[in-house]
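What follows is a set of notes on a single structure, which appears directly below.
Protein chains: 4
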Amino acid sequence: MSNSGRVEAFSDGVFAIAITLLILEIRVPEETGHKLTEALAHQWPSYLAYIVSFLVIGVMWVNHHALFGHLAKVDRTLVFLNLLLLMVVAALPWPTALLAEHLRNTDDARIAGVIYSGLMVVHALIYGGIWWYVTRRRQLLNPRVDVEAARATRIRFNLGVLVYPATVGLALVSPWAMLTVHGLLAVYYAFNHLAIPGSEQAKPEGAS
Amino acid sequence: MSNSGRVEAFSDGVFAIAITLLILEIRVPEETGHKLTEALAHQWPSYLAYIVSFLVIGVMWVNHHALFGHLAKVDRTLVFLNLLLLMVVAALPWPTALLAEHLRNTDDARIAGVIYSGLMVVHALIYGGIWWYVTRRRQLLNPRVDVEAARATRIRFNLGVLVYPATVGLALVSPWAMLTVHGLLAVYYAFNHLAIPGSEQAKPEGAS
Amino acid sequence: MSNSGRVEAFSDGVFAIAITLLILEIRVPEETGHKLTEALAHQWPSYLAYIVSFLVIGVMWVNHHALFGHLAKVDRTLVFLNLLLLMVVAALPWPTALLAEHLRNTDDARIAGVIYSGLMVVHALIYGGIWWYVTRRRQLLNPRVDVEAARATRIRFNLGVLVYPATVGLALVSPWAMLTVHGLLAVYYAFNHLAIPGSEQAKPEGAS
Amino acid sequence: MSNSGRVEAFSDGVFAIAITLLILEIRVPEETGHKLTEALAHQWPSYLAYIVSFLVIGVMWVNHHALFGHLAKVDRTLVFLNLLLLMVVAALPWPTALLAEHLRNTDDARIAGVIYSGLMVVHALIYGGIWWYVTRRRQLLNPRVDVEAARATRIRFNLGVLVYPATVGLALVSPWAMLTVHGLLAVYYAFNHLAIPGSEQAKPEGAS
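Chains as they are written, first to last, in our numbering: chain P, 1 to 208; chain S, 1001 to 1208; chain H, 2001 to 2208; chain F, 3001 to 3208.
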């Protein structure tokens, strides 16, 4: 394993567990006199929240993978920043369940939506911070990576940091719309991520 | 790690977690005045559902492993399709618990059975879609794989896609029979999977 | 990764998850008028069951690791047998919680104890079956392993299969004693496992 | 994989799962007449406990990683000692939830705090024991490691073992202060860990 290998493996573990724990938040209606179909239909926000959060965490993993693919090694600061990132990722099943539980009540849904989008903002800030840090400490980067071009991408990252706060505002208007936007952003980022110059030439197939 | 290595490791993580979370759905009868043996006997559908779903997810993992064994690299589309596949795999503890909870009530068991089999259909469709995609994009395949022969297997895959919808119909007739059929299908697929030409010659022992 | 590598990695995942899920079965006493110390003291069987089951699963993992260390490759039958073994391993948090819940009530504790020891018997039988299978199919074994000597160990394995049923009987006499014996057996097996000839010479330090 | 590779992978799995299970202990307030903001504000100790325990387990993982980075191989005793260490790590979600549940009630918070800090003491003792053991059995260490210098670090380890018991005393005075100190200790250890001579020269970047 490379120097960054065990950090990646640990991160992969946290991503895989967080994404799989999402299902625990969907309730199994108990055997009662009520019709099962009604009970299942009633909890539709849980299914929607599951799908969106699964895509969101999945795409976070893809991008984490892409970022670490540009690194040659890790230092203590990066390990610590990565730990903060994982703290947010591992927390996501909670706002997902919160939103699913309260999506039918408009007032509470707004609060849950602000928390959900708020955690996305925190994630984006830490992710941006990690990228900023590794492009500053060039010895952490894979020698193949064009450092100047990589640094130039910082601005685009900062733009990304502006998009997420907008979803916090959207949550106040419509928690529904917010959840839909997060789902669409995940699909978008799944196919259009930040091409980091120097590595893409080496992997022309777009291999992740 | 190879290009596809980290996608495989992440997928393995999701499979391993989903299969191990199944046990959380079996209740531990509380310390009450009732006899423990009766309480344990009452929840027999949970044990049956655990065994069948464990085999089903286990065999899904074996086949996922076999499919990725034929790949040389992955691209963004494949990563996304694989994420959709994992979304279904990670969801399976839920229909398992749903079926276990309602298997004693015939009407509700039918609904739970349709959902259970329905997710298997979705899984089969995405799996078939991944196979179709990687045989179309031959640069993703391992050079050892005979592409024409691999493409010819698509029809057999489509036949598989026809078998699963039949279990949805079977769930309406008998949720029991449906669950038994899924268990038998898992054992069958464990020993008879799609031999993909070109690789088998290289691994004559049937090594997976 | 070697041919058996991904099976080992998947198995490791299931072992690690099952062992870590054990803690979820220990309740957190709620904030009530009662004294916390009393509530915590009342659930002492949970702590005992946690410790014993953690050691048991941990030592099962060590032995699984040792067995797969003697293999050069895996075939479909072995993958399927290993899946059955993992089905038992993944199930262990359930009898652990069952025993913890009912250890204070003698009658129910006997039933829970029989189930706990019964699963250990099933585990020993499948593990013995795997060893029997791989010593029969010598092409699966690492060429360094002395096949005749390895086959000779089968009898000792069968003796092991005799010890576990005795703990089922012990559970009927004293569920306590049974749990203690399982803990002691785990410590014993942690330090004294089956030396499989041919490999030990290659690893004189007793490296696992 | 190296001889110690599979032990590391298994340990990583347990660390990753334990750290990700922490979120399950934070409750999702149900849809009731009460205001959601109040219910969320009421459970602030859960958020604090989540953050501190996440950092604590994360830094335990970093140090575990550093320790195993100095090993060339593992023996049975080390595997067993490591299993005891993991038993404590995997248990941490429980005292975390216990502390979160009772932090608002001063008397119960003291008891929960003593248990929380007590497990940290046990962790430090086992970790120190492992370090003592591997520096005594020099054949387990990577040949690059300066054994005499490594042995000299034992005293510093023993000092660490003195710090943790102090937090048990602090829990009796103020469970709050104790939790804060554990958070600060985690941040401190994240950036200042025991440099083990011989390896650091080989990795001048402070790569972990």
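Using N, Cα and C, we set each Cβ at its ideal position, and we do this for glycine too. All values reported here derive from a predicted model rather than from experimental measurement.
Tell me the residue span of the alpha helix (DSSP H) that contains residue i.
| i | result |
| --- | --- |
| Ser1011(S) | 1005-1021 |
| Leu3071(F) | Looking at the DSSP string, Leu3071(F) is not in any alpha helix (DSSP H), and its letter there is neither H nor E. |
| Ile126(P) | 106-136 |
| Thr96(P) | 93-102 |
| Arg1151(S) | 1147-1152 |
| Pro1175(S) | 1175-1191 |
| Thr3037(F) | 3036-3042 |
Below 9 Å on C-beta distance, what does residue i contact in chain P?
| i | result |
| --- | --- |
| Ile1111(S) | Lys35, Leu36, Thr37, Leu40 |
| Ile3051(F) | Met87 |
Straight-line CA distance for residue i to residue j?
| i | j | result |
| --- | --- | --- |
| Glu148(P) | Leu71(P) | 15 Å |
| Trp94(P) | Tyr3050(F) | 12 Å |
| Leu2103(H) | Leu2048(H) | 10 Å |
| Val2122(H) | Leu2085(H) | 9 Å |
| Ile2026(H) | Glu25(P) | 20 Å |
| Ala124(P) | Leu162(P) | 9 Å |
| Arg2138(H) | Gly2069(H) | 14 Å |
| Leu2022(H) | Val1145(S) | 43 Å |
| Ser1046(S) | His64(P) | 38 Å |
| Tyr3164(F) | Trp3061(F) | 17 Å |
| Glu1101(S) | Glu30(P) | 7 Å |
| Glu2200(H) | Thr96(P) | Here the model assigns Glu2200(H) a pLDDT of 40, short of 50, so the residue's position is not dependable and the matter cannot be decided. |
| Lys2203(H) | Val1014(S) | Because Lys2203(H) carries a pLDDT of 40, less than 50, the predicted location of this residue cannot be relied on, and the following value inherits that uncertainty. Looking at the two C-alpha atoms, the distance is approximately 34 Å. |
| Leu2185(H) | Phe2054(H) | 13 Å |
| Ala1091(S) | Ala2091(H) | 19 Å |
| Leu1083(S) | Ala16(P) | 11 Å |
| Tyr1127(S) | Gln2043(H) | 46 Å |
| Leu141(P) | Leu2078(H) | 42 Å |
| Gly3132(F) | Val1052(S) | Position check: residue 3132(F) holds Trp in this sequence, whereas Gly was assumed. Spanning the two alpha carbons is a distance of roughly 47 Å. |
| Val111(P) | Ala3039(F) | It should be pointed out that residue 111(P) corresponds to Ile in this sequence rather than to Val. Approximately 12 Å between the Cα atoms of the pair. |
Show which residues of chain S have a CB atom less than 9 Å away from the CB atom of residue i.
| i | result |
| --- | --- |
| His65(P) | Arg1006, Val1007, Phe1010, Val1079 |
Could you tell me whether the Cβ of residue i comes closer than 8 Å to any Cβ of chain F?
| i | result |
| --- | --- |
| Thr2096(H) | no |
| Phe93(P) | Here residue 93(P) turns out to be Pro, not Phe, going by the sequence shown. Chain F contact via Cβ: present. |
| Leu209(P) | Given a span of 1 to 208 for chain P in the structure shown, any question on residue 209(P) remains unanswerable. |
| Gly2169(H) | no |
Check the Cβ-Cβ distances between residue i and every residue of chain H, and say whether any is below 8 Å.
| i | result |
| --- | --- |
| Gly1206(S) | Only weak support is given to the placement of Gly1206(S): the predicted model assigns it a pLDDT of 37, under 50, and the value that follows is read from those uncertain coordinates. Interface residue, yes. |
Closer than 7 Å by beta-carbon distance: list the chain F residues that pair up with residue i, in chain order.
| i | result |
| --- | --- |
| His102(P) | Glu3031, Leu3036 |
| Ile2019(H) | Val3014, Ala3090 |
| Pro211(P) | Within the shown structure, residues of chain P are numbered from 1 to 208, placing residue 211(P) beyond reach of any answer. |
| Ile2130(H) | Going along chain F, no residue has its Cβ under 7 Å from Ile2130(H), so there is no contact; the nearest lies around 18 Å. |
| Ile2026(H) | Trp3094 |
Give a yes or no on whether 8 Å exceeds the smallest Cβ distance from residue i to chain S.
| i | result |
| --- | --- |
| Thr180(P) | no |
Is the shortest distance between the beta-carbon of residue i and the beta-carbons of chain P less than 8 Å?
| i | result |
| --- | --- |
| Asn1142(S) | no |
| Lys1203(S) | Per-residue confidence for Lys1203(S) stands at a pLDDT of 40, beneath the threshold of 50, marking its modelled position as unreliable; no derived number is given. |
| Met1087(S) | yes |
| Asp1108(S) | yes |
| Trp3061(F) | yes |
Am I right that residue i and residue j are in contact with their C-beta atoms under 8 Å? What's the rounded C-beta distance?
| i | j | result |
| --- | --- | --- |
| Leu2081(H) | Gly2129(H) | 6 Å |
| Met2120(H) | His2182(H) | 7 Å |
| Thr3020(F) | Ala18(P) | 6 Å |
| Val217(P) | Val7(P) | Only positions 1 to 208 of chain P appear in the structure, and residue 217(P) is not among them; the question remains open. |
Find the residues of chain F that neighbour residue i, judging by a C-beta separation of less than 9 Å, and give them in chain order.
| i | result |
| --- | --- |
| Ile2023(H) | Ala3018, Leu3021, Ala3090, Ala3091, Leu3092, Pro3093, Trp3094 |
What residues of chain H sit near residue i, judged by a beta carbon separation below 8 Å?
| i | result |
| --- | --- |
| Ala1072(S) | Near Ala1072(S) there are no residues of chain H at all, since even the closest Cβ is about 15 Å away, more than 8 Å. |
For residue i, which residues in chain F fall below 8 Å Cβ to Cβ?
| i | result |
| --- | --- |
| Ala2190(H) | Arg3076, Val3079, Phe3080, Leu3083 |
What does residue i reach in chain P if we use C-beta pairs closer than 7 Å?
| i | result |
| --- | --- |
| Gly3058(F) | Leu83 |
Tell me whether residue i, by its Cβ, gets closer than 7 Å to a heavy atom of the ligand MN.
| i | result |
| --- | --- |
| Met2178(H) | The ligand content of the structure shown is nil, which means the ligand MN is not present either. |
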